[in-house]
Ligand SMILES: Cc1cc2nc3c(=O)[nH]c(=O)nc-3n(C[C@H](O)[C@H](O)[C@H](O)COP(=O)(O)OP(=O)(O)OC[C@H]3O[C@@H](n4cnc5c(N)ncnc54)[C@H](O)[C@@H]3O)c2cc1C
Ligand SMILES: *[C@@H]1O[C@H](CO)[C@@H](O)[C@H](O)[C@H]1NC(C)=O
Ligand SMILES: *[C@@H]1O[C@H](CO)[C@@H](O)[C@H](O)[C@H]1NC(C)=O
């Protein structure tokens with residue numbers, strides 16, 4: 096059994112940021128990661144052409160900026176390089192291939208008891224920790240809906256996290272289900288690689304340009320969100336024109352208000368809208384039924400497909416291993432309380448990166464958590 100002050104579950108950006116902030120206070124911690132590398136989402140589960148959707152000033156982790164010559168929108172590989180430099184700078188040493196299997200609070204002893212499996216040596220290690228940080232991500236498991244008849248589909252079905260590039264789909268009929276940033280970008284990637292690309296858009300979305308979002312986030316520092324949203328929608332409508340005849344409508348709430356209230360991001364157009372207008376990418380309503388290769392859509396359309404890409408998001412898996420976490424997480428493994436009060440539970444329990452606020456939210460969480468742990472340790476020392 097190993098005794099530690101802080102135990103961090105997950106070495107994605109959130110776990111690394113928390114580790115760096117604790118390091119600044121010289122607070123000892125252990126950080127474990129079930130994969131064989133840090134930030135596996137970025138290294139192994141992201142498509143080739145991915146860049147950070149937000150400008151770099153909104154994507155920094157605490158205590159380290161991007162190089163001055165870095166592009167405004169950082170490509171995936173450069174972000175991974177930044178994380179590698181970050182790990183080196185703060186001397187973070189995650190224990191890789193270590194899966195947390197359970198974590199319970201010991202009321203009598205006042206500590207968290209963590210059971211982790213070391214997959215390299217096939218042993219179970221028990222840790223005892225004063226503080227426990229859940230940094231296992233909102234993206235730990237893929238979320239794939241089940242449509243009637245799906246088991247009869249003879250083609251390839253993959254989740255967006257396994258999609259790398261459209262090159263292998265050239266000449267094929269491919270359906271992308273889901274119209275968030277990943278789905279919209281994958282539909283574009285498929286079309287530019289010569290696939291016959293169709294996209295399911297079921298609910299209203301805010302299509303924006305990355306420059307508009309950057310402008311909006313800057314204006315937010317000076318103007319009320321509703322006003323900024325009003326300006327953004329006006330400008331986006333000017334840029335894109337009326338998209339309703341292409342099956343794209345806007346939600347009632349503005350893009351920034353929606354993000355802050357529900358976590359739903361605006362979609363940053365990478366060229367998808369242009370291809371939709373040209374008819375290169377076909378927009379379909381929700382899937383109603385699958386019969387072999389034939390897929391039926393709301394509104395009565397049907398067509399034949401060779402492959403389906405599910406860009407239908409992710410789930411948190413924290414509840415699968417965290418026991419006694421009710422003070423902080425709901426049944427979906429996401430915070431009970433709304434931002435900015437979501438990051439702290441009872442008995443030294445914290446979460447980083449679970450408030451659907453991207454890397455900027457992660458940076459805030461990590462700092463809050465380290466500051467709170469520091470103040471608790473200072474109190475314990477003074478008694
Ligand atoms: C395609 C995509 C693009 C995105 N683009 C942006 C962007 O441009 N800007 C932005 O701000 N945000 C973006 N995000 C959102 C967010 O910033 C990233 O998802 C970010 O990687 C989240 O970091 P995280 O550390 O919270 O989670 P993750 O990166 O998912 O890391 C969690 C880690 O915990 C590990 N883990 C899970 N369970 C266990 C366990 N039981 N034991 C041990 N380890 C465990 C996982 O293996 C994983 O490595 C994007 C997300 C996706 C999916
Ligand atoms: C990590 O695992 C992946 C497969 O999950 C593999 O492709 C890669 O080579 C491994 N990397 C290391 C450093 O072991
Ligand atoms: C492309 O896909 C659409 C379905 O969205 C279909 O109607 C059309 O026939 C397909 N084109 C070809 C050349 O297969």
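In our numbering, the protein residues as written are 96 to 478. Backbone N, C-alpha and C define an ideal beta-carbon position, used for all residues, glycine too.
Local Cβ density within 10 Å of residue i, reported as buried at 16 or more and exposed below that
{"i": "residue 463", "result": "buried"}
{"i": "residue 126", "result": "buried"}
{"i": "residue 119", "result": "exposed"}
{"i": "residue 217", "result": "exposed"}
{"i": "residue 336", "result": "exposed"}
{"i": "residue 263", "result": "exposed"}
{"i": "residue 98", "result": "exposed"}
{"i": "residue 121", "result": "exposed"}
{"i": "residue 399", "result": "exposed"}
{"i": "residue 291", "result": "buried"}
Best match in the options for proximity to residue i [C-alpha to C-alpha]
{"i": "residue 202", "options": "345, 224, 191, 407", "result": "224"}
{"i": "residue 361", "options": "185, 307, 199, 473", "result": "307"}
{"i": "residue 310", "options": "326, 295, 321, 257", "result": "326"}
{"i": "residue 443", "options": "459, 471, 431, 458", "result": "471"}
{"i": "residue 231", "options": "455, 475, 468, 445", "result": "445"}
{"i": "residue 357", "options": "384, 451, 398", "result": "451"}
{"i": "residue 248", "options": "385, 302, 200", "result": "385"}
{"i": "residue 340", "options": "374, 313, 163", "result": "374"}
{"i": "residue 192", "options": "153, 212, 454", "result": "212"}
{"i": "residue 389", "options": "244, 305, 417, 290", "result": "244"}
{"i": "residue 421", "options": "410, 405, 434, 438", "result": "438"}
{"i": "residue 440", "options": "227, 448, 132, 142", "result": "227"}
{"i": "residue 113", "options": "467, 474, 285, 379", "result": "467"}
{"i": "residue 278", "options": "469, 404, 436", "result": "404"}
{"i": "residue 251", "options": "238, 267, 236", "result": "267"}
{"i": "residue 368", "options": "432, 427, 343", "result": "343"}
{"i": "residue 282", "options": "413, 261, 167, 152", "result": "261"}
{"i": "residue 132", "options": "190, 474, 314, 100", "result": "190"}
{"i": "residue 413", "options": "220, 377, 372, 233", "result": "233"}
{"i": "residue 205", "options": "305, 419, 293, 458", "result": "419"}
{"i": "residue 222", "options": "145, 103, 162", "result": "103"}
Beta-ladder partner(s) of residue i, from DSSP
{"i": "residue 214", "result": "None, per the DSSP bridge assignment."}
{"i": "residue 386", "result": "389"}
{"i": "residue 303", "result": "363"}
{"i": "residue 287", "result": "Residue 287 is not bridged to any residue."}
{"i": "residue 445", "result": "228, 439"}
{"i": "residue 206", "result": "201"}
{"i": "residue 398", "result": "390"}
{"i": "residue 136", "result": "None, per the DSSP bridge assignment."}
{"i": "residue 252", "result": "403"}
{"i": "residue 276", "result": "Bridge partners of residue 276: none, in fact."}
{"i": "residue 146", "result": "170"}
{"i": "residue 190", "result": "127"}
Backbone CA spacing between residue i and residue j [nearest angstrom]
{"i": "residue 280", "j": "residue 123", "result": "41 angstroms"}
{"i": "residue 148", "j": "residue 324", "result": "18 angstroms"}
{"i": "residue 345", "j": "residue 215", "result": "49 angstroms"}
{"i": "residue 407", "j": "residue 477", "result": "50 angstroms"}
{"i": "residue 186", "j": "residue 158", "result": "13 angstroms"}
{"i": "residue 135", "j": "residue 107", "result": "7 angstroms"}
{"i": "residue 111", "j": "residue 182", "result": "7 angstroms"}
{"i": "residue 170", "j": "residue 142", "result": "11 angstroms"}
{"i": "residue 109", "j": "residue 302", "result": "27 angstroms"}
{"i": "residue 460", "j": "residue 447", "result": "5 angstroms"}
{"i": "residue 138", "j": "residue 257", "result": "11 angstroms"}
{"i": "residue 176", "j": "residue 166", "result": "13 angstroms"}
{"i": "residue 287", "j": "residue 164", "result": "29 angstroms"}
Enclosing alpha helix (DSSP H) for residue i [first to last residue]
{"i": "residue 379", "result": "First-last for residue 379: 377–379, but that is the beta strand (DSSP E), not the alpha helix (DSSP H)."}
{"i": "residue 460", "result": "453–477"}
{"i": "residue 332", "result": "320–335"}
{"i": "residue 198", "result": "Premise fails: residue 198 lies in the beta strand (DSSP E), 193–201, not in any alpha helix (DSSP H)."}
{"i": "residue 182", "result": "171–184"}
{"i": "residue 113", "result": "108–119"}
{"i": "residue 415", "result": "413–416"}
Opening and closing residue of the beta strand (DSSP E) in which residue i lies
{"i": "residue 268", "result": "268–272"}
{"i": "residue 125", "result": "124–127"}
{"i": "residue 480", "result": "Because the chain in this structure spans residues 96 to 478, residue 480 falls outside the shown range and cannot be described."}
{"i": "residue 97", "result": "97–104"}
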